[in-house]
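Encoded as structure tokens, the structure appears first; notes follow it.
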Amino acid sequence: MNPDNPDPLSIQIATNVSRISMEIDTAQKRKSIDMDEVQEEARVLLGTELHLMPLDKLQVELDTDLVKGLTSNERKLRLSRDGLNTLTETKGTNPIIRLLLTQADLFAILLWVAAIVSFAMYGVTISQGHGEVHNLWLGIALAFVNVFSGLLTFFQESKSNSIMKGFKSLIPQECLVFEDGIIKTVATDTLIVGDIVKIKVGQKCPADLRLLSQNQLKIDLSSFNGESEPAARKIENTETNILRSANIIYFTSNIMQGDGIGIVIFTGDNTVIGQQAKNVTSTKQPPTPIQIEVQRFVKYISILAISLGIIFFGLGIALKIPPIDAFVFGVGIIVANVPEGLSLTITVALALAAKRLSQQKVLVKELKSVETLGSISVICSDKTGTITMNQMTASHTFCNNKVVKHQIQHAMGSFLFGTELPLEFIKVLSLNSKCDMDQTDQETNNLKVRLMGDASEQGIMRFMNSWLTQNQESIKNDKYPILTYRDQYPKKYEIPFSSVYKFQLSIHETEDKKALITLKGAPERIMDICDKVFIDGQVVDFTDDHKNTTLEAYNEIASFGERVLGCAYSIEELQTEEYTLDADDVKNMKFVFVGLVSLVDPPKENVTRSVSECYEASIGITMITGDHHLTATAIAKEVGILNDSIDYYTDANVLLRIKTSNELSEAQAQEQNLDDEDMQAKTCIKKKAEKNPRLISEKEIKYLPQMQKEFIPSSPAKGAVMTGNVLEVLTNVQIKYMLSQYQQIVFARTTPEQKLTITQCYQSLGRIVAVSGDGLNDAPALKAADIGVAMASGSEVAREAGNIILMNDSFATIVDGIKEGRLIFENLKKAMSYTITSAVPQITPFLLFVIFGFPNAMSSILILLIDVVTDVWPAFALGYEKPESDIMKRPPRNKEKDRLLDGHLVFFAYGQIGCLQALALLATFMLTVRREIFKYYPCAKYSGNIFVSLSHDDFPSVTLTKLLTDAQSSCAFNGTYPKNVTDQAGLAKFIFEVGQTASFVSVVVMQFVDAIISRTRINSMFTQGIISNPMLLLGLLFQIIICCFFTYVPFCHTAFGTKAVDGLAWTYCLPFAVLMFIYDECRKFLLRKYGKQSKFYKIMHW
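Heads up: the sequence shown begins at 1342 in the numbering used here, then just goes up one per residue.
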């Protein structure tokens, strides 16, 4: 991986390796662990000790010679036994076969049969001399829908096929091996466990090796851990986690410096990279909530459509309808029931939501993630930079046994200091820093000058620059006094801050040629290293009394929600040679403790409001931070994550109590046999582990020994604060139990692997989890979460692992994203209600034909025109609909109960609005046919009975032709025949097609009004605003224009069997449209009046 421009495959490998490493750490820290909870890759590496064995034992274990290597015969035997050192490539299906398989599901097959029959019927009519071109267009439309859907699926599935090629490109072709004591060049794929291999700069490692000797060897591990700096390798190793062992060189890693000799311990699929290849190429992403809902909808609608089609085809045959006609009606019923444009509507709606989110500083990497945001039930959030501004400001100091508050004066660009500060304290804060000023910045306010460094360092630098400006006469007029001050104390050496040893050190040369060693870091760590303290100008022993006073001050300041740093110094003789100190050396030195400084990172704007919105929406918030629990608690209280009802799991007594109870519980479990009920429960848990994690977790908690539950009070508070050292001793089941007991939780001083564990435990409880993070170590938790929320300012690995990226790194933006996710589900539900409603008027004529012989008032091609052309524009526009007032006052969507398509929606769309539309269609068709008959034969003996034919006579060619013929014999023909009509049969067909076109128009008009009422589920349209969605108005206008195009353009008359209708045909359905609007407004009014607890609400709300 190029550290400056990492590719997605390398980032994915680094993320997976980091996750496996965390699992190994967690397993190794615990006394006992259920290996079923450990993933396979971690389980394999957890069981090896090849990186820890003494070399003589390793030689015996691998049956080799560490100097001469294996013999040629032994290499051949092992190669035939163990196989080649290659990555197994799963045989892919031929692309043509994969494309054909997209057409192999039942629904696609049925549509293909329907298309073929349509083509055949067109051919038959051609041979009879009256080719019905609408059958041709119906076949083309059905084929297009199938092919388009299949291509989408094909290209989506093809994305993962090139992954294995990416892995194979990492493997070197040849390597150097000791065979029979002689070094030889061999093909990499012939390497076997026990081979002795020589590696050198410029090569790639040919297998997983344990180092035997090395000369300044460094390797590139960026593909394994994301770190850009080359990693030095050593022969000695005490690290138990093989993924962090300094004596292991991993397959495919680049040798950046030096050379060495190693022994092969893993080859091919058993190497770390081999396991990742298997994981990446075989793992399928679980479907998102919206994908599950769409699949469920398609399944139910398909079953309904196919069942109805088959039933009515059978009824048609039973009623002696010609088989071809019966089949056409069956196809018509299927086409009418399936909203062919819905998948396109969903894609467009998700794209629109992603666009809106981008305007709110949320970058969505995959469209399917948008709706998942709306399903979130728990947010696991960082503190620094997400909830807070990540712009630290110095607030308190503790020097000379006094805690002092310092005020910031923003307008003046300076601080108002509460007391004098010791010069030694000033030196430590001014010199021990990796922060610098951007001297090209023209900002005159010192508090706003652009700084380069982390947030804490910037806060201290502003603080010190202000102090020096006010107190150092010789430099106070300089533009950057602190830079001048630093020049007086040249830096000789430094140890940067690390989260492992939690301090940073710098050595400076003083004017009298002494070494001023400054130390800054976590107060408890700094105090451990100090044996003296600076008080009132004197250096005295750092007694227990002084330490207790300092700890009290530390706790007091930390309770304000501020980050506290300890400061110390030492004066020694200046070395002439270069300094080579490391962190372990510093622990053995002695320093003078000089004081504490605190920094406050204030909450970002609108975070408090967003937290309140989350709780109102029943979304839990869990803060996970590496900061001190007092700091985290204070910030959590300030923004409302915690209230005053808190249980604390932070002190040594809690830790001891949990450890003791867990040990006693384990001892009891070993002494006693489990009773039948326990055995049944555990058997059930094992059997169903892959089916319903929530039920499994509930059973695990239920059968958790009471002793292991006692760490939580019988009446727990609303919130809890727990530190990482306490979390570490809990089992996964205890963590789940704890998470299920509290609504508000803060985890402090946690590790990245604990963040991953918390995420997975929440998910096993059935929660939809969002996790925020910005570092490499956050990547596994981001990847595991339902929604990984990465920060734009974070690492490349974190951004690649996340599903969405916050461009402004703000918690409030996450909540805006949740609101948008909920809105997309709402709007999809509205679009679905709108889309499926038209199925009722479309299917009604088919049903009436089979039952009563009613004319087919809607042809299959007209149904497709509605589903695929006219209906999609308002459906798209519903994606622009604004949220209703209660969108963030409802609990998160329950993925097991709250469905995109449920009984309430079906009852509303089919049983209420759809029925009104069906009545409008029937009335329009009959009135139009009647008027057309009288238009040509005013004295025709017309009655409603002509629309009923129990013998199922063809309406235009039999019933209507006979009526017109009879009318011709009794009265004169009024007017002239329409174009291309020469006889009564032709006129009957023409009148029938005019009636069908009027029916088509009536559905479009009713859907016009349906789109308007579908905009809200509970609010009045007048509250929502008639013109508040201009895109819908545009969509409705486009719908009418398209309807007119199909109705009045001559080409469409030939292609689709439509005919021009007069203005009156548009008005027959208007009374039904007005009734539909009034009915729905009354329904919504009663919903608001009676409320969610009423029986009316439960029945009539969708």
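The C-beta atom is built at its ideal place from N, Cα and C for all residues, glycine as well. It should be emphasised that the depicted structure is a prediction, and the values quoted were computed from it without experimental measurement.
Cα-Cα separation, residue i to residue j
i: Leu2375; j: Val2402; result: 24 Å
i: Asp1600; j: Leu1558; result: 5 Å
i: Gln1555; j: Val1527; result: 21 Å
i: Phe2437; j: Lys2160; result: 27 Å
i: Ser1986; j: Ala2414; result: 55 Å
i: Phe2248; j: Phe2166; result: 19 Å
i: Pro1513; j: Ile1540; result: 12 Å
i: Ile2354; j: Arg1791; result: 53 Å
i: Leu2068; j: Glu1765; result: 39 Å
i: Pro2319; j: Leu2416; result: 35 Å
i: Ile2228; j: Asn2168; result: 11 Å
i: Phe1460; j: Gly1480; result: 6 Å
i: Val2110; j: Glu1893; result: 38 Å
i: Phe1932; j: Lys1978; result: 36 Å
i: Ile2177; j: Gly2220; result: 16 Å
i: Asn2321; j: Gly1464; result: 22 Å
i: Ala2089; j: His1969; result: 6 Å
i: Pro1547; j: Ser2113; result: 37 Å
i: Thr2338; j: Thr1713; result: 42 Å
i: Met1805; j: Ser1771; result: 6 Å
i: Val1952; j: Ser2056; result: 25 Å
i: Ile2207; j: Gly2398; result: 14 Å
i: Met2199; j: Gly2285; result: 18 Å
Span of the beta strand (DSSP E), counted from its first residue to its last, around residue i
i: Glu1835; result: Lys1832 to Ile1836
i: His2394; result: Taken as a continuous stretch (DSSP letters only), His2394 belongs to no beta strand (DSSP E), being part of the alpha helix (DSSP H) at Pro2391 to Phe2397.
i: Asp1988; result: Ile1987 to Tyr1990
i: His1849; result: Phe1844 to Glu1850
Buried or exposed (CB count within 10 angstroms, at least 16 for buried), residue i
i: Cys1721; result: buried
i: Gln2075; result: buried
i: Pro2412; result: exposed
i: Asp1886; result: exposed
i: Leu1411; result: buried
i: Gly1907; result: buried
i: Asp1561; result: buried
i: Glu1314; result: No statement about residue 1314 is possible, as the shown extent of the chain runs from 1342 to 2443 and does not include it.
i: Leu1316; result: Because the chain is modelled from 1342 through 2443, residue 1316 falls outside the range shown and cannot be assessed.
i: Val1454; result: exposed
i: Arg1637; result: exposed
i: Thr1966; result: buried
i: Lys1724; result: buried
i: Asp2294; result: exposed
Start and end residues, alpha helix (DSSP H) containing residue i
i: Arg1803; result: Ala1796 to Asn1812
i: Phe2248; result: Gly2244 to Phe2249
i: Phe1766; result: Leu1764 to Leu1772
i: Gly2114; result: Note, Gly2114: premise wrong, no alpha helix (DSSP H); beta strand (DSSP E) at Val2110 to Gly2114.
i: Met2417; result: Leu2411 to Tyr2431
i: Gln1400; result: Leu1396 to Leu1403
i: Val2070; result: Premise fails: Val2070 is in no alpha helix (DSSP H) and is neither H nor E.
Beta-bridge partners of residue i, as assigned by DSSP
i: Val1938; result: Thr1738 and Leu1906
i: Ala1694; result: Partner(s): none; Ala1694 has no beta bridge.
i: Met2063; result: Tyr1990 and Phe2088
i: Arg1551; result: Ile1589 and Ile1604
i: Leu1704; result: Ile2146
i: Lys1541; result: Asp1600
i: Cys1721; result: Thr1963 and Val2112
i: Phe1756; result: Ile1749
Next on the checklist: As an exercise, report each continuous alpha helix (DSSP H) stretch of at least 4 residues that is fully enclosed by the stretch 2293-2369, in chain order.
Outcome noted: 2302-2311, 2325-2354 and 2362-2365
Next on the checklist: Runs of 3 residues minimum, wholly inside the stretch 2141-2182: which ones carry the beta strand (DSSP E) assignment?
Outcome noted: Taking only runs of at least 3 residues, the beta strand (DSSP E) segments lying wholly in the stretch 2141-2182 are 2145-2147.
Item to check | In chain order, each alpha helix (DSSP H) run of at least 4 residues that lies wholly inside the stretch 2214-2296 | outcome: Those alpha helix (DSSP H) runs which fall completely within the stretch 2214-2296 and span 4+ residues are 2244-2249 and 2255-2277.
Checklist entry - Taking the runs of the alpha helix (DSSP H) that are 4 residues or longer, which of them lie wholly in the stretch 1858-1900? => result 1864-1870 and 1885-1899
Checklist entry - Which runs of the alpha helix (DSSP H) fall wholly inside the stretch 2183-2211 and span at least 4 residues, in chain order? => result 2201-2205
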